[in-house]
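In the working numbering, the protein residues as written are 79 to 333.
Think of the CB as a built atom: it goes at the ideal place given N, C-alpha and C, for glycine as much as any other residue.
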């Protein structure tokens, strides 16, 4: 078993709210500098910068899990994570088919840039990524799980774009693996006031970083895993086979 310090919710400059400094190579370079072993690049309804991040991460020994932050029909955010880029590509096709035909307004919302593993400009995504898909939360989770992924309800402690905030509760049979607590709601890790509304889902914490400084300062999760895979994360979230999960970790601070 090995302890993996993970941040499973990060945005690149492909997300309209991501700063220009959030390039794949820069993110994985900083992950190595900060001592973060595993990250997931989770742009809004998009994944074009994930493969460059995986390629760049080979130089630094960082595990990059292919991922995305999905905005479902109910306007809640769900983090989807996979083991392989091929699974994410299959998922992206589902997202593309369910995306609204809207053009992004870069002045109002911010530009959406695709780059390569050396952070060279490749293209600008012209579709509006900050919009709900035609897929329901149930459809998102069911399809992701069928493709071999894992789903996490993002920042449930927030009123906006929270699946819990939109639905009022998370059905036990929805198929979510965990619920994410953000920096602003970190006290929830002790209070667990929201946990009955989630069906008792385990918690993780992530930075939801849109800037490098957010990445550095934001909460992480420590996983004890045999290897950094979806199956191992599932076991850790269930506390099975000697695996475990510790949310509320910070760079340079002991928990």
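Distance between residue j and residue i (C-alpha atoms, nearest Å)
i: residue 188; j: residue 165; result: 28 Å
i: residue 272; j: residue 214; result: 22 Å
i: residue 160; j: residue 221; result: 12 Å
i: residue 217; j: residue 248; result: 14 Å
i: residue 80; j: residue 116; result: 12 Å
i: residue 275; j: residue 296; result: 25 Å
i: residue 208; j: residue 158; result: 16 Å
i: residue 151; j: residue 119; result: 22 Å
i: residue 109; j: residue 251; result: 35 Å
i: residue 265; j: residue 141; result: 29 Å
i: residue 131; j: residue 195; result: 6 Å
i: residue 244; j: residue 156; result: 12 Å
i: residue 126; j: residue 317; result: 33 Å
i: residue 85; j: residue 145; result: 12 Å
i: residue 180; j: residue 143; result: 28 Å
Residues sharing a beta bridge with residue i, DSSP
i: residue 283; result: 259
i: residue 122; result: 147
i: residue 102; result: In DSSP, residue 102 forms no bridge with anything.
i: residue 82; result: 301
i: residue 274; result: For residue 274, which the question treats as bridged, DSSP gives no partner whatsoever.
Contact with chain D by residue i, beta-carbon distance below 7 Å
i: residue 164; result: Protein chain content of the structure displayed is limited to a single chain, and chain D is not contained in it.
Selected residue, minimal CA-CA separation from residue i, among the options
i: residue 253; options: 240, 243, 231; result: 231
i: residue 190; options: 239, 263, 96; result: 96
i: residue 204; options: 197, 306, 94; result: 94
i: residue 176; options: 206, 202, 184; result: 206
i: residue 192; options: 258, 89, 180; result: 89
i: residue 270; options: 310, 234, 316; result: 234
i: residue 122; options: 257, 292, 147, 227; result: 147
i: residue 263; options: 301, 290, 325, 113; result: 325
i: residue 92; options: 162, 202, 224, 173; result: 202
Contact belief for residue i with residue j at Cβ below 8 Å, rounded distance in angstroms
i: residue 285; j: residue 87; result: 7 Å
i: residue 256; j: residue 282; result: 5 Å
Problem set entry | Length-filtered (3 minimum) beta strand (DSSP E) runs lying within the segment 183 to 214 | Whole beta strand (DSSP E) segments, 3+ residues: 191 to 193, 199 to 202.
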